[in-house]
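Engineer: Note that the sequence shown ends on residue 162 in my numbering; no numbers are left out. By construction, the Cβ of each residue, glycine as well, lies at the ideal position given by its N, Cα and C atoms. The structure displayed is predicted, hence computed values, not measured ones.
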Amino acid sequence: MPLAMFVGANNNLKNVTFGQALIGNESTGSFKWLFETFKSCMGGRQPHVILTDEDPTMEQAIPMVFDKSQHRNCMCHIMRPWEFELDQLYTLHKDKNLKKKLESLINYPLGPTQFEVEWQKLVNECGISDHPAIKALWDKRERWIAAYFKGMYCGRMTST
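#1: Kindly identify the DSSP beta-bridge partner or partners of I52.
#2: Given a cut-off of 9 Å on the beta-carbon distance, is the pair G10 and P49 in contact?
#3: Please name the residue in K142, T93, M60, I52 whose C-alpha comes closest to that of K34.
#4: Using a Cβ-based criterion (distance less than 8 Å to any ligand heavy atom), does A138 qualify as near the ligand ADP?
#5: Contact between the region 114–133 and the region 141–151 is defined here as three or more beta-carbon pairs at a separation below 8 Å; is this criterion met?
#6: Determine whether the beta carbon atoms of M81 and L88 lie at a separation below 9 Å.
#7: Would you kindly report the start and end of the unbroken alpha helix (DSSP H) that includes A138?
#8: Please classify L15: does DSSP put it in a helix, a strand, or coil?
#9: Which class does M3 belong to by DSSP, given the choice of helix, strand or coil?
#10: In three-state terms, what does DSSP make of L100?
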């Protein structure tokens, strides 16, 4: 049985568990019921930001219940499928600082426009714009890159 947890951060940036539930399955209906129950327990209030993995049924259920919340994806869940390909890229690339440069860009507090300019500059300079992992990360950028979280209080959370 999947365990669903509702975790946030308090004003001291400490994790706070608001609730948790065992759900029978990971269907859209189950998630919708879970989110409605959580929302009811929270007095009808919605979270400002919801950080999840890329579960497609959860992606469908979230806007049905939390229409005012911003939904973002967990950085580690976005990166994990590409770890092997990225490690190969870092190892084989002539610029041995590529990993450091890419991670720095991903984590540096830029605005969306500046992030996009710097990303294009880096991938073009390094000749990696056609690499499948780089393309996939770029395509999902608005769902997980910190630059697109500007103005959203996440309590420094980037991972589920």
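Structural biologist: Considering the structure as presented:
#1: The residue you call residue 52 lines up with position 50 of the sequence shown. For I52, which the question treats as bridged, DSSP gives the partners H73.
#2: Your numbering for residue 10 matches position 8 in the sequence shown. Your numbering for residue 49 matches position 47 in the sequence shown. Contact flag set, yes.
#3: Position 32 of the sequence shown, counting from 1, holds the residue named residue 34. Of the candidates K142, T93, M60, I52, the one whose C-alpha sits nearest the C-alpha of K34 is M60.
#4: Ligands displayed in this structure: none; no statement on the ligand ADP is therefore possible.
#5: yes
#6: One-based indexing of the sequence shown puts residue 81 at position 79. One-based indexing of the sequence shown puts residue 88 at position 86. Their beta carbons are under 9 Å apart, which means M81 touches L88 by this criterion.
#7: In the sequence shown, residue 138 corresponds to position 136, counting from 1. Its alpha helix (DSSP H) spans residues 134–141.
#8: Residue numbering aside, residue 15 sits at position 13 when the sequence shown is read from its first letter. L15: coil per DSSP, three-state reduction.
#9: Taking the sequence shown and counting its residues from 1, one reaches residue 3 at position 1. Three-state result, M3: coil.
#10: Residue 100 sits at position 98 when you count from the first residue of the sequence shown. Helix, per DSSP.
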